[in-house]
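Under our numbering, the first residue of the sequence shown is numbered 484, with each subsequent residue one higher.
In what follows, a structure is listed as structure tokens, so that the remarks can point back to it.
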Amino acid sequence: MLMEFTPVTLLYDFCLMSFLIFIAKIIRTKIKLFQRLYIPTALIAGFLGVIGGPFGLNILPFSSQASSYSGILIAVLFATMYLGRQEKASFKEMLDGVGDTFFLNTASEIGQYGVAILFGIFVLGALFPGIHVCFGMMMPAGFVGGHGTAAAIGSVLESAGWEDALTIGQTFATFGLLLGIFGGILIINFCARKGYTRIIKKVSAMPEDMKTGLIHPENRSTMGDNTVSPMSLDPLTWHLVLVMVSVGGAYLINSFIVKWFPDLSIPIYGLALICGLLVQKILKWCRLEDYVDRRVVSRIGSSATDYLVGFGVATINISVVIQYWKPMLLLCLLGTLFVVLFFFVISRKFFRNFWVERGIYIFGWSTGVMSIAVLLLRIVDPEFKSGVLEDSGFAWIFISLIDIACVTFLPVLVLRGYGVAAGAVLTAAAALCILASKLRYGTAKVKADELHPGEKEILENL
484 MLMEFTPVTL LYDFCLMSFL IFIAKIIRTK IKLFQRLYIP TALIAGFLGV IGGPFGLNIL
544 PFSSQASSYS GILIAVLFAT MYLGRQEKAS FKEMLDGVGD TFFLNTASEI GQYGVAILFG
604 IFVLGALFPG IHVCFGMMMP AGFVGGHGTA AAIGSVLESA GWEDALTIGQ TFATFGLLLG
664 IFGGILIINF CARKGYTRII KKVSAMPEDM KTGLIHPENR STMGDNTVSP MSLDPLTWHL
724 VLVMVSVGGA YLINSFIVKW FPDLSIPIYG LALICGLLVQ KILKWCRLED YVDRRVVSRI
784 GSSATDYLVG FGVATINISV VIQYWKPMLL LCLLGTLFVV LFFFVISRKF FRNFWVERGI
844 YIFGWSTGVM SIAVLLLRIV DPEFKSGVLE DSGFAWIFIS LIDIACVTFL PVLVLRGYGV
904 AAGAVLTAAA ALCILASKLR YGTAKVKADE LHPGEKEILE NL
């Protein structure tokens, strides 16, 4: 029973989703099965929403606009990406230190997009005449992009006339998230039995707080500092203001674009990111950049992502999934094959050290969200002693620019008939990244279960 949308029902929708997240958190902390499977709370809430929502039992009174919140929340997430960032690293420094991480992570992302776009145009186009030209692109949008990117690209395609884009993207993202969790744990168990892992030898060594999702008092850390005095403005309000000014600026700019340049389409999330950069510049000009805590801004973005996942999954139109189940199944198989081969072939051969730890991070990132990548990495490296997390974070400063370019420009290029060219260029670029890594850093010359150069020294200090 879809409720008609009014200003009050906006709050009601979020209260209802908050209730589902609350129930999901209790389920996650009490039921051992969900703990062993490491299923995120927001995903459980989304499934509860599917079961009880308008496309299931129809007992949860979501409003008629609930499915549109994902497109709004992704703008919030993108607005937080560069607010409070202070990095001043150079591209040369990154290449010297973690170049193989940069090249192989980049190859994983753009390669998945390239292969999927070409598969969608040539294979799905031949098997399913009349299928949308952007169908193939929605798989990597959900897999390597996650629910946020799927919402971003899906909202652009919906505005261009493809009404099923958002549902298809969210379905791929949900499958990818489950693949990242279940597939990642299976791969880790396999590698541990084979002796490929370097730090842990079994998945049961995972810390208890990661299983239950509840952090014990002795393991807790602060989520940020008070950078402004509560006497003048609450610190959380201050950071939320910065984010919402960026989001509001994006929608304001978009309204002018629509009015004066109706044929020009720029995604809201891209404008939100630009506005976030502008706000950061204004803060710097006013000498206020030191009063923005990046951790608090990140928490705001992560909170938006939790609701995004919840609403994205809860509003999946099951009838659309049933209608397109055959091409979606083929793309899911393609995506699964891509990430598994990338782990066992590319990661195994081209990473200089800790190939399982680095490869499983890419696997988690390529099938869901960064939190899944960190989760899988923590299983094989509980205290992050391998250096993979730091290296990936350093490389991400530059990879994020490529990620944003893909999300921003690919939908437009494919819609305008340049899909084959875009897919070919991305696939070739991925191959060149792998080649560049080989030429600069070489390939592994030892067996998978033997220590690579540099690993012995690190392990001796653990």
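All C-beta atoms in this analysis are idealised placements derived from N, C-alpha and C, irrespective of residue type, glycine included.
If one requires a minimum length of 4 residues, the alpha helix (DSSP H) runs lying completely within the segment 616-682 are 621-626, 629-642, 648-661 and 667-677, in chain order. For isoleucine 510, the uninterrupted alpha helix (DSSP H) segment begins and ends at 490-513. For asparagine 836, the number of other beta carbons within 10 angstroms of its own is at least 16, and it is reported as buried.
The three-state secondary structure of serine 553, taken from DSSP, is helix. A direct Cα-to-Cα measurement between serine 802 and isoleucine 882 gives close to 36 Å. Per the C-alpha coordinates, the member of Ala913, Pro810, Ser869 and Phe821 positioned closest to alanine 609 is Pro810.
The three-state reading of DSSP puts serine 715 in coil, since its state is none of H, G, I, E or B. Burial state of phenylalanine 545 is buried, judged by a 10 Å Cβ sphere holding 16 or more other Cβ atoms.
Only exposed fits alanine 911, as fewer than 16 other CB atoms lie within 10 angstroms of its CB. Two segments are said to touch when three or more pairs of C-beta atoms, one from each, lie closer than 8 Å; by this definition the segment 613-625 does not touch the segment 914-934. Non-local beta-carbon contacts of phenylalanine 655 in its own chain, meaning distances under 6 Å to residues more than five positions away in sequence, involve Met621, Met622 and Gly625 in chain order. Straight across, the Cα-Cα distance linking glycine 629 with threonine 850 is about 7 Å.
Boundaries of the alpha helix (DSSP H) around cysteine 815: 808-824. Straight across, the Cα-Cα distance linking threonine 720 with alanine 634 is about 26 Å.
The beta carbons of tyrosine 521 and leucine 858 sit about 6 Å from each other, so the pair counts as a contact at 8 Å.
If you check the CB distance, proline 718 and valine 779 come in under 9 Å. Pairing glycine 637 with glutamate 701, the inter-Cα distance amounts to about 42 Å. Contact between asparagine 800 and threonine 705 is absent: CB atoms are separated by about 41 Å, not below the 8 Å threshold.
In the structure shown, valine 726 falls within a helical segment according to DSSP collapsed to helix, strand and coil. For aspartate 874, same chain residues with a beta-carbon under 7 Å away, outside a window of 5 residues either side, are Val581 and Thr584 in chain order. Per DSSP, reduced to three states, the secondary structure at leucine 697 is coil, with no helix or strand assignment. In the DSSP annotation of this structure, the continuous segment of the alpha helix (DSSP H) that includes glycine 793 starts and ends at 777-797.
Our two residues, isoleucine 757 and arginine 831, have alpha carbons roughly 37 Å apart in a direct line. Membership of cysteine 758 in the alpha helix (DSSP H) is indicated by the continuous run 751-768. In the three-state scheme derived from DSSP, where H, G and I count as helix and E and B as strand, glycine 594 is classed as helix.
Taking glycine 707 as reference, the option from Arg777, Leu716 and Leu723 with the minimal CA-CA separation is Arg777. When the Cα atoms are used, serine 642 and alanine 648 turn out to be separated by approximately 10 Å. Aspartate 789 and alanine 599 do not touch by the CB rule: their CB atoms are close to 27 Å apart, not below 8 Å.
Non-local C-beta neighbours of leucine 766 in its own chain, meaning closer than 7 Å and more than five positions away in sequence, comprise Glu772 and Val775, ordered along the chain. In terms of Cα proximity to leucine 493, the closest of Pro523, Ser550 and Ile534 is Ser550. In the displayed model, proline 612 falls within coil according to three-state DSSP, outside both helix and strand. Arginine 899 counts as exposed, since fewer than 16 other beta carbons sit within 10 angstroms of its beta carbon.
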